[in-house]
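According to mature numbering (1 follows the signal peptide of the UniProt record, and there is no 0), the sequence shown holds residues -25 to -1, 1 to 513 in order. Each residue gets a CB set at the ideal place from its N, CA and C atoms; glycine is no exception. Keep in mind it's a predicted model, so treat the numbers as computed, not measured. Here the structure is laid out as structure tokens; the discussion comes afterwards.
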Amino acid sequence: MKKWLSILFISLLLAASLPPLAPQAAVYVLTKTDTVIYSPPSGGNEAVLTPIAANTNVKVIEEQEARIRVTWQGVNGFIARENLLMEENEEPAPPSSSFIRLEADAELLEKQHGTYVKTGRLLTGEVFKKTGTENGYVSFVFGQTTGYVAEAAVSTLSEASLAGGVQPGYTYQNRAITRKTTDLLYSKNGTLTPLGRLQSGVALDTRAAYRDYYIVDIGGRTAYIRKEDVTLYTGNYVDPFKTITYTQMVQDLKELVLWHPDIASLEVIGKSVDGRDLYALKLGTGKEEILVNASHHAREHITTNVVMEMADQYAHLFKTNGSMNGYGVRSILQKSAIYFVPMVNPDGVSLVQLGAGSAKNKAAALKLNGGSSNFAAWKANVRGVDLNRNYPADWKNICCDPGKPSSQNYKGPKALSEPEAKAMADFVQKRSFKTSASYHSSGQIIFWHFYQSGARKSRDLAIARKVSQKTGYSLVAARSNPSGGGFNDWFIQNEQKPGVTIEVSPYVGNRPVPLVYFSSIWQQNNSIGLMLANEKIQ
């Protein structure tokens, strides 16, 4: 026993005489690109904790195969390994001054794709907590992103008291975009006072809400922004279960572009007889292009609901990297682009929905309708030309033409006499669409053939059969002498590419399809745009 005690005593003496172990040095690495720190996956989902700019030093906590656990400014989470420069870097020195004061009004900037972009102005005398400096700019927290201001416009402070004056409100976290130039406000001596201004179209993150205001973070402070001055991200802007007027459609289209500027853009391709803009929405960034249109015929405006809901859902699924019926939306829209023209005939649709008062010449519209104010059966444009009989596809031989302006079937004085049809034809000839889908109602049938033969006929029939399989609609048999003038008749003949005319809904006669049918119509047609965009067509 004494022997063991002696050995233990000697071991302790030796250990005490050794120099202390040096603490393991912290490892820091740089971000290679603008990226995000995200939380550990829970139930298969990853939550973004904060964006982080390129060339930012982060402390490594743990290395994993595809991701690295890091900590930065009190945020602990993961960054994808591919977004980090995995070479050890020196620990960043703490800033000598932690606050800034604006010595003059200065531009508020954000970094977008590596470029500093103006988003507003901060006002003289305001004080903020800074997070660092780079390239002649001072950085600070702005919501879940980073804001910047020119270093030359500020003085630095080692200590400062940040102005408060904002009620805590209730927690409300969402993404918002400013609709117009608006103030960032705080309460100064009981008066709401601007600390800065944001220009229209700036994205920001709300942390709370209080009465008529949302509350946002900026430079260690909180500020009010008026609710009426912003629009909130919902991921669902189109309500397809109500009648979509021309005005509502335009509002929804602009909302989609506002929230999805990376993949969505809006183009005016022409004007209607009454001067309404004809819109085409582009969705996707790829080279291969397809066209989806609706509401050539006025009473068939439920097809606008179908096409608008397609655009809305596809855009949201692109943002969330989701899929529909097995189609990966992001991958498809990165290799292709879908052009939606959701209302080819806005004047006619407005007549059906709103009556003769929607027309520039109310008396003329009523006269064409036999004096009746009920336009429910109207198919034509506002001057009585059936747009789907106005295209130069065997136009001279179109059957059943009344020979004069009417609520339906009049083919017009000549092919492409109508500005709406002319706009569509010009648009097609300006682009290089590999296929086209034109939505109509009603009957649950699909037209696909217009004089094509041989390999083209086989190719187009194969496409039509896929559409039929998805929708459950019947294919109209190829005819040796079809009546022409339709948009897809012309597209098939002129572009030598497949075109399908899809008649949604069970047959309802000469009236608009009741909205009660929309759910089933949507289930039958929801992924048609993706299907056609994904097709390899020669």
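Is the CB-CB distance between residue i and residue j below 8 Å?
{"i": "residue 312", "j": "residue 261", "result": "yes"}
{"i": "residue 335", "j": "residue 464", "result": "no"}
{"i": "residue 440", "j": "residue 473", "result": "no"}
{"i": "residue 314", "j": "residue 257", "result": "yes"}
{"i": "residue 169", "j": "residue 98", "result": "yes"}
{"i": "residue 183", "j": "residue 145", "result": "yes"}
{"i": "residue 365", "j": "residue 343", "result": "no"}
{"i": "residue 515", "j": "residue 205", "result": "An answer regarding residue 515 cannot be provided, because it is not within the stretch -25 to 513 covered by the chain."}
{"i": "residue 10", "j": "residue 55", "result": "yes"}
{"i": "residue 2", "j": "residue 50", "result": "no"}
{"i": "residue 231", "j": "residue 286", "result": "yes"}
{"i": "residue 200", "j": "residue 159", "result": "yes"}
{"i": "residue 459", "j": "residue 368", "result": "yes"}
{"i": "residue 479", "j": "residue 414", "result": "yes"}
{"i": "residue 189", "j": "residue 151", "result": "yes"}
{"i": "residue 467", "j": "residue 402", "result": "no"}
{"i": "residue 161", "j": "residue 141", "result": "yes"}
{"i": "residue 43", "j": "residue 60", "result": "no"}
Which one or two residues does DSSP pair with residue i in a beta bridge?
{"i": "residue 104", "result": "74"}
{"i": "residue 421", "result": "450, 477"}
{"i": "residue 6", "result": "59"}
{"i": "residue 162", "result": "167"}
{"i": "residue 112", "result": "109, 125"}
{"i": "residue 149", "result": "181"}
{"i": "residue 265", "result": "313, 410"}
{"i": "residue 117", "result": "120, 193"}
{"i": "residue 38", "result": "43"}
{"i": "residue 299", "result": "302"}
{"i": "residue 490", "result": "Residue 490 is not bridged to any residue."}
{"i": "residue 51", "result": "46"}
{"i": "residue 205", "result": "153"}
{"i": "residue 188", "result": "185, 201"}
Leaving aside the five residues before and after residue i along the sequence, list all residues of the same chain whose C-beta is less than 6 Å from its C-beta, in chain order.
{"i": "residue 70", "result": "Residue placement at residue 70 is flagged as unreliable, the pLDDT there being 47, under the threshold of 50; the coordinate-derived value follows with that caveat. Answer for residue 70: no residue qualifies."}
{"i": "residue 485", "result": "352"}
{"i": "residue 194", "result": "103, 104, 115"}
{"i": "residue 321", "result": "221, 247, 251"}
{"i": "residue 196", "result": "137"}
{"i": "residue 431", "result": "none"}
{"i": "residue 506", "result": "none"}
{"i": "residue 62", "result": "none"}
How is the beta strand (DSSP E) around residue i delimited, first residue to last?
{"i": "residue 415", "result": "408 to 416"}
{"i": "residue 169", "result": "166 to 173"}
{"i": "residue 199", "result": "196 to 201"}
{"i": "residue 87", "result": "81 to 87"}
{"i": "residue 31", "result": "Run containing residue 31: none; DSSP gives neither H nor E here."}
{"i": "residue 289", "result": "Careful: residue 289 lies outside any beta strand (DSSP E), inside the alpha helix (DSSP H) at 277 to 295."}
{"i": "residue 253", "result": "252 to 259"}
{"i": "residue 246", "result": "239 to 246"}
For residue i, which residues from the same chain have a beta carbon less than 7 Å from its beta carbon, with the 5 sequence-adjacent residues on both sides left out?
{"i": "residue 318", "result": "221, 224, 269, 270, 279, 324"}
{"i": "residue -4", "result": "Its pLDDT being 46, under 50, residue -4 is placed unreliably in this model, and the coordinates cannot settle the point."}
{"i": "residue 493", "result": "215, 216, 277, 280"}
{"i": "residue 118", "result": "179, 180, 191, 192"}
{"i": "residue 296", "result": "305"}
{"i": "residue 284", "result": "213, 215, 497"}
{"i": "residue 77", "result": "97, 98, 99, 100, 101, 128, 129"}
{"i": "residue 495", "result": "none"}
{"i": "residue 380", "result": "343, 358, 359, 360"}
{"i": "residue 375", "result": "384"}
{"i": "residue 416", "result": "275, 277, 278, 478, 479, 480, 488"}
CB-CB under 8 Å to residue i, same chain, minus the five flanking residues each way: which ones, in chain order?
{"i": "residue 254", "result": "224, 225, 228, 241, 242, 243, 244, 316, 317, 318"}
{"i": "residue 298", "result": "292, 304"}
{"i": "residue 263", "result": "310, 311, 312, 409, 508"}
{"i": "residue 174", "result": "93, 94, 95, 153, 156"}
{"i": "residue 406", "result": "264, 266, 314"}
{"i": "residue 233", "result": "152, 176, 206"}
{"i": "residue 449", "result": "419, 420, 421, 443"}
Which residue comes first and which comes last in the alpha helix (DSSP H) that contains residue i?
{"i": "residue 305", "result": "304 to 310"}
{"i": "residue 221", "result": "221 to 234"}
{"i": "residue 47", "result": "Not the alpha helix (DSSP H): residue 47 falls in the beta strand (DSSP E), residues 42 to 47."}
{"i": "residue 504", "result": "503 to 509"}
{"i": "residue 92", "result": "Here residue 92 belongs to no alpha helix (DSSP H); instead the beta strand (DSSP E) covers 90 to 97."}
{"i": "residue 392", "result": "Element bounds for residue 392: n/a, residue is neither H nor E."}
{"i": "residue 325", "result": "321 to 329"}
{"i": "residue 1", "result": "No alpha helix (DSSP H) contains residue 1, which DSSP labels as neither H nor E."}
{"i": "residue 342", "result": "337 to 343"}
(Q) Just to confirm the assignment: which complete alpha helix (DSSP H) runs, minimum length 4, are found wholly within the segment 427 to 472? (A) As for any alpha helix (DSSP H) of minimum length 4 sitting wholly inside the segment 427 to 472, the runs are 429 to 446, 462 to 470, ordered along the chain.
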